[in-house]
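Notes to accompany the following structure.
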Amino acid sequence: MTATDTAASPGGEARPGSTARDATRAARPTFDPVFRSIADVQGWMTRDQACRLWDRASELDPGDAIVEIGSFHGRSAIVLASASPAGVSIFTIDPHGGNDRGPHEFEGYEQEAEQDHDIFLANLEAAGVRERITHLRKYSSDAVDEVPGQVELLYIDGAHRFAPALEDLRNYRDRVALGGTLLVHDSYSAWGLTLALFATMALTGKFRYVGRSQTMTQFDRVDLTPADRAANCIRQLLEVPFFLRNLMIKVLIKARLAPVTRLLGGNGEWPY
Ligand SMILES: C[S@@+](CC[C@H](N)C(=O)[O-])C[C@H]1O[C@@H](n2cnc3c(N)ncnc32)[C@H](O)[C@@H]1O
394 MTATDTAASP
404 GGEARPGSTA
414 RDATRAARPT
424 FDPVFRSIAD
434 VQGWMTRDQA
444 CRLWDRASEL
454 DPGDAIVEIG
464 SFHGRSAIVL
474 ASASPAGVSI
484 FTIDPHGGND
494 RGPHEFEGYE
504 QEAEQDHDIF
514 LANLEAAGVR
524 ERITHLRKYS
534 SDAVDEVPGQ
544 VELLYIDGAH
554 RFAPALEDLR
564 NYRDRVALGG
574 TLLVHDSYSA
584 WGLTLALFAT
594 MALTGKFRYV
604 GRSQTMTQFD
614 RVDLTPADRA
624 ANCIRQLLEV
634 PFFLRNLMIK
644 VLIKARLAPV
654 TRLLGGNGEW
664 PY
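The sequence shown runs contiguously to residue 665 in my numbering.
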């Protein structure tokens, strides 16, 4: 089931033979109105990426758990909470501390950060999902013991520099339950995060690289055979050209040559 497949979308009509679970799903909100409702929530998540988050969250069952690292103003958290069935617990982690706030905003945003936290809570409230979410206002490295031991969906969109990104992957990756999903934003775009991703995921026997929506990658928690591992590593290496293209686009934008990015399939904007 995908958010773009209207006939089978959570808000679609129940079809003959559908189960009680389908009926429960049909009572839930649908993707398009939720996505429209977050148009003014600041953030960097594209529509395709929101679709992917929606689809993975809507597949969960009551009792499952979602952990999001990096929430900012709540754009992705609102999608996760709106898509997931009642009974799924949702933990969001963000210190709103003024560091690694967004592109080019690594340090020195303490004043904005206090506002970010208030805006985040107000946005959750306005979306009607405040009660669904347990927010941990902490650095992810300090929140490891406060989230469930096993999570079915882990979304990493926190600090993108190499050291904290590596720490997030190392600290949280093994929490993903067999059959669960890991999504990572700004993959093959933010260079520190991308190096951390290659370091932890290229040779792993525990996650299959599924694909991406622009820079949001999806890894499924499975047990890979040695042959699968080789293919999995190759699938990730095939993204190196996309990574180099994104780095080139960033260099061009910084050099005030944004229109030239069209030669690389860009649109003059920072790649997300
Ligand atoms: C790119 S934004 C997240 C965007 C959000 N996922 C959305 O869709 O709107 C990155 C966020 O990560 C947070 N952050 C920075 N360092 C962090 C850390 N060590 N642990 C958790 N969050 C962190 C920042 O405060 C910022 O709000």
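Quick reminder that beta carbons are idealized off the backbone N, C-alpha and C, glycines included.
So what does DSSP say about residue i, is it helix, strand or coil?
i    : result
L596 : coil
I627 : helix
W663 : coil
F591 : helix
E632 : coil
M609 : strand
V522 : coil
S482 : strand
R614 : strand
A505 : The question names Ala, but residue 505 is Glu in the sequence shown. Looking at E505 - three-state DSSP - the assignment turns out to be helix.
L645 : helix
E498 : strand
L656 : helix
L446 : helix
G491 : coil
M394 : Any answer about M394 is weak, because its pLDDT of 41 lies below 50 and its placement is not dependable; what the coordinates show is given next. Here M394 sits in coil by DSSP.
R622 : helix
I471 : helix
G456 : coil
R421 : coil
S451 : helix
T399 : Caution is warranted here: a pLDDT of 34 is assigned to T399, below 50, making its placement in the model unreliable, and the coordinate value is therefore given only provisionally. In this structure, T399 counts as helix in the three-state DSSP scheme.
L650 : coil
D433 : coil
R408 : With a pLDDT of only 43 at R408, under 50, the local geometry of the prediction cannot be trusted, and the value read off the model is given with reservation. Three-state result, R408: coil.
R563 : helix
For ligand 1, is there any heavy atom lying closer than 8 angstroms to the beta carbon of residue i?
i    : result
S580 : no
K599 : no
C612 : For clarity, residue 612 is Phe in the given sequence; the question names Cys instead. Incorrect: F612 has no Cβ contact closer than 8 angstroms to ligand 1.
R468 : yes
F465 : yes
I486 : yes
W663 : no
G456 : no
K531 : yes
N492 : yes
S392 : This structure leaves residue 392 out entirely; the chain is present only between 394 and 665.
W437 : yes
H497 : no
V434 : yes
D550 : yes
S534 : yes
Are residue i and residue j touching if we call contact CB-CB under 9 angstroms?
i    : j    : result
T529 : A536 : The question names Thr, but residue 529 in the sequence shown is Leu. In this structure, A536 lies closer than 9 angstroms to L529 by Cβ.
Y581 : N639 : yes
V460 : Y548 : yes
D550 : H510 : no
T608 : N625 : no
V427 : I471 : yes
R525 : L514 : no
V540 : I627 : no
A552 : G463 : yes
S469 : L446 : yes
Q611 : L576 : yes
F424 : A479 : no
F465 : G501 : no
G456 : V481 : yes
Mind checking who residue i pairs with in its DSSP beta bridge?
i    : result
I549 : I462, V577
V540 : None; V540 has no bridge partner.
L529 : I486
Y602 : F612
V569 : V544
May I ask whether a heavy atom of ligand 3 can be found less than 8 angstroms away from the beta carbon of residue i?
i    : result
E461 : The model depicted lacks ligand 3 and carries ligand 1 instead.
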